[in-house]
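In the working numbering, the protein residues as written are 1016 to 1285.
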């Protein structure tokens, strides 16, 4: 009975048979009221954990997940919570309780709640984790328009499958890094050439050059781009030694000449 359970005091430094008997007794309890009392107020964290694992009361589990002083008890409570809105509330309020927050987030499957986490959560890592759980393309597109943190937007872009959306980002987004990530996900040679020749930022042009196959476009970039790194990357994409020879004759830049000669050696050693 409850008086017998409460009479056995747990001493952490001992492995008493009485303690083990008490734990086994708790495991056998089916009375919800008794389990609630143990889960809420028992001084022994393991007793609270065992009782919590047997609870179904979502409101009480939520309270335990937020307030119990022991990590294992809080985790046990989260594991038993099914209510999506309660899980969302835990995620939004757990702050420094990283693993409890992560466990709650992993159990949220409602896409609109996940969107709210991305938009509203204070913790950056939590927002990133929420993005990884979203597959709904409409929500991802909506997040691109409403989120301003470039690192969050970068993770969103990586999950976009619509080529037209990626094309628009690569051509028009205000953040150069975001444009560059979109370029990495595109294969349209005409578009990549346009970006490599026209984007105002060297990083974006560099990402486009890495995917360009047309040697004539690469030659144009080597001759005309104002950034050494972009020109160097374009040289590394050329596999025709005859083109490199012609380029070598035309260039007066010593650094570019060295890169062309090095590229020729790499091709000849294959």
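Ideal Cβ placement from N, Cα and C applies to all residues, glycine included.
These figures come from a predicted structure and were not determined experimentally.
- DSSP places residue 1269 inside the alpha helix (DSSP H), whose first and last residues are 1269-1283.
- Taking a 10 Å sphere around the C-beta of residue 1282, we find fewer than 16 other C-beta atoms and assign the residue as exposed.
- One thing to note: residue 1106 has its Cβ no nearer than 8 Å to the Cβ of residue 1133.
- A distance below 6 Å between beta-carbons, with the five flanking residues on each side excluded, links residue 1144 to the following residues of its chain, in chain order: 1120.
- In chain order, 1185, 1207, 1210, 1219, 1222, 1223, 1226 place their CB closer than 8 Å to the CB of residue 1198, counting only its own chain and leaving out the 5 sequence neighbours on each side.
- Residue state for residue 1045 is assigned as coil, using DSSP reduced to three classes.
- For the options 1040, 1063, 1156, 1043, the alpha carbon positioned closest to that of residue 1051 is the one of 1063.
- With a beta-carbon spacing of about 7 Å, residue 1112 and residue 1089 fall inside the 8 Å limit used to define contacts.
- CA-to-CA, the gap between residue 1038 and residue 1054 works out to about 13 Å.
- CA-to-CA, the gap between residue 1138 and residue 1156 works out to about 22 Å.
- Between residue 1142 and residue 1136, the C-beta spacing is below 8 Å.
- Taking every protein chain shown into account, the CB of residue 1170 has 16 or more other CB atoms within 10 angstroms, so this residue is buried.
- If you draw a straight line from the Cα of residue 1103 to the Cα of residue 1158, it is about 18 Å long.
- Counting along the chain, residue 1144 sits inside the alpha helix (DSSP H) bounded by residues 1139-1147.
- In the assembly as shown, residue 1243 is an exposed residue. Its beta-carbon has fewer than 16 other beta-carbons within 10 Å.
- When DSSP states are grouped into helix, strand and coil, residue 1174 belongs to the coil group.
- Its chain contains 1234, 1237, 1275 as the residues whose beta carbon lies nearer than 7 Å to that of residue 1262, once the 5 sequence neighbours on both sides are disregarded; these appear in chain order.
- Residue 1284 counts as exposed, since fewer than 16 other beta carbons sit within 10 angstroms of its beta carbon.
- In the structure shown, residue 1238 adopts helical secondary structure according to DSSP, grouped into three states.
- Judged by DSSP in its simplified three-state form, residue 1253 adopts coil rather than helix or strand.
- C-alpha of residue 1109 to C-alpha of residue 1073: approximately 17 Å in a straight line.
- Less than 8 Å divides the Cβ of residue 1172 from the Cβ of residue 1196.
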